[in-house]
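S.K.:
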Amino acid sequence: MLRTVLRATVASGAIAAAVLAANPASAAESPAGPSPSDTAAISGLLASPGTAARLAHTKFPGAAPAAAHATRAAAEANTQIPVYEPTAAFIKGESDVPAALAYVASPAHLADGRAATVWAQPSQAGWKVVNVASGNDEQVHAAAAHGGYLLHEPQVNAWYSVKGDTVTVLDGAVSGVPAGTRVTLAAYRAELQKRYGDKLPGSTYDKTGAGGGYAVTAPDTSGDGSPAIALAVGGAAAAAAGGAFLLRRRSQHSE
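Counting from 162, one number per residue, gives the positions in the sequence shown under our numbering.
1) Relative to the C-alpha of Y245, which candidate in L361, E352 and Y321 has its C-alpha closest?
2) Take the Cβ of V330 as the centre, count every other Cβ of all protein chains shown within 10 Å, and call the residue buried at 16 or more, exposed below.
3) Alpha helix (DSSP H) containing G211: first to last residue?
4) Could you work out which residue in A281, H270, I252 and G254 is closest to L262 when comparing CA atoms only?
5) Run the CB neighbour count on V317, radius 10 Å, all protein chains shown included, and call it buried at 16 or more, exposed below.
6) In the DSSP assignment, find the unbroken alpha helix (DSSP H) run with P200 in it and report its ends.
7) In terms of residues, what are the limits of the alpha helix (DSSP H) holding S336?
8) Distance check for F221 and P195, CA to CA, integer angstroms please.
9) Helix or strand or just coil, what does DSSP make of E255?
10) Under the DSSP definition of a beta bridge, which residues are partnered with T232?
11) So A277 and V301 are in contact, right, with Cβ under 8 Å, and what is the actual spacing, rounded?
12) Classify T232 as buried or exposed, calling it buried when 16 or more other Cβ atoms lie within 10 Å of its own Cβ.
13) Since L353 is in the alpha helix (DSSP H), which residue starts that stretch and which ends it?
14) Could you give the C-beta distance for T240 and V290, rounded to a whole number, given that I count them as a contact under 8 Å?
15) Below 8 Å on the Cβ atoms is my contact criterion, and I expect V323 with P247 to pass it. Report the Cβ-Cβ distance as a whole number of Å.
16) Nearest to D273 by alpha carbon, out of S295, V344, A238 and L353?
17) Measure the Cβ-Cβ separation of E346 and L271 and say whether it is below 8 Å.
18) Which residue spans inside the stretch 263-312 form an unbroken alpha helix (DSSP H) run of at least 4?
19) Could you tell me the distance, in whole angstroms, from the CA atom of E190 to the CA atom of L312?
20) Please check the pair I417 and G358, which I expect to be a contact at CB under 8 Å, by giving their CB distance rounded to whole angstroms.
21) Considering only residues of the same chain and omitting the five flanking positions on each side of A238, which have a CB-CB separation below 6 Å?
22) From L392 to Q354, what does the alpha carbon distance come to, in whole angstroms?
23) Measure the CB-CB distance between A193 and G287 and report whether it falls below 8 Å.
24) Using 10 angstroms around the beta-carbon of G325, count the other beta-carbons present and answer buried if the total reaches 16, otherwise exposed.
25) Under three-state DSSP, which class holds A340?
26) Roughly how many angstroms lie between the CA atoms of E255 and P268, to the nearest whole one?
Given below as structure tokens:
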């Protein structure tokens with residue numbers, strides 16, 4: 162079943178002052194990514210009849226674009242894009258690893274020819290499809306990352322490339338900061354602390370459930386125990402902070 166998922170986006174340039182600050186950064190540790198065995202498992206999952214059937218039955222509201230043509234629904238098993246999200250430990254200064262793997266994205270198309278993206282996450286039983294999202298945001302941003310890993314801040318739907326101690330803004334429309342702007346990892350962490358420091362798990366904000374609250378999603382692990390999800394926030398909380406809403410269509414059930 163389709164569900165409209167509201168994601169808050171930053172309507173002002175409030176992030177600008179912080180991201181432009183020239184704070185020194187220490188050597189950053191890279192987050193763990195999918196292993197070769199994970200990659201093989203994801204390929205098998207994407208090429209499976211179950212994934213093909215899910216894509217064939219997924220429909221997004223509205224008419225398909227004129228350029229779209231009916232075709233066999235399928236995912237591109239050989240294109241796998243790891244997407245990372247900031248962790249509470251990094252925001253609090255307890256870890257120098259900026260993010261954790263949230264999901265692996267693969268471009269796909271539906272039976273009506275529309276572009277879609279399959280999200281895969283590890284579970285105790287192996288990798289599984291957890292979502293089919295409209296469009297190809299991850300593929301577009303990964304192409305602009307130029308060798309860095311793809312960092313998504315879901316609370317404000319912001320996208321970045323991280324390479325060493327440098328964070329590069331990929332989606333300037335969200336933050337008001339021009340795409341291509343480079344900032345230090347320390348400056349980015351400082352901005353995250355301002356925005357979320359009092360809303361992390363265990364905070365009064367979290368305990369009272371204000372605006373939907375923040376929570377770290379219970380880590381679902383693969384065989385090597387790698388966390389699948391880092392940090393999540395309710396859309397109502399971000400909206401209360403003055404954000405505008407961005408809609409992206411998702412097919413939300415898990416296989």
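Glycine included, each C-beta is placed from N, C-alpha and C at the ideal position.
M.R.: Taking the structure as given:
1) Y321
2) buried
3) P210 to H218
4) A281
5) buried
6) First, the residue type needs correcting, since residue 200 is Thr and not Pro in the sequence shown. From DSSP, the alpha helix (DSSP H) with T200 extends over P197 to L207.
7) G333 to S336
8) 29 Å
9) coil
10) Per DSSP, none; premise fails for T232.
11) The pair is not a contact, with the Cβ atoms about 13 Å apart (cut-off 8 Å).
12) exposed
13) L346 to Y357
14) Not confirmed; about 15 Å, so no contact.
15) Between P247 and V323 the Cβ distance is about 10 Å, and since that is not below 8 Å, they are no contact.
16) S295
17) Position check: residue 346 holds Leu in this sequence, whereas Glu was assumed. No, these two residues do not count as a Cβ contact at 8 Å.
18) 298-305
19) 14 Å
20) Residue 417 is absent from the structure shown; the chain starts at 162 and stops at 416.
21) S204, L207 and A208
22) Low per-residue confidence applies at L392: pLDDT is 40, beneath 50, and the placement is therefore not dependable enough to give any value.
23) no
24) exposed
25) coil
26) 35 Å
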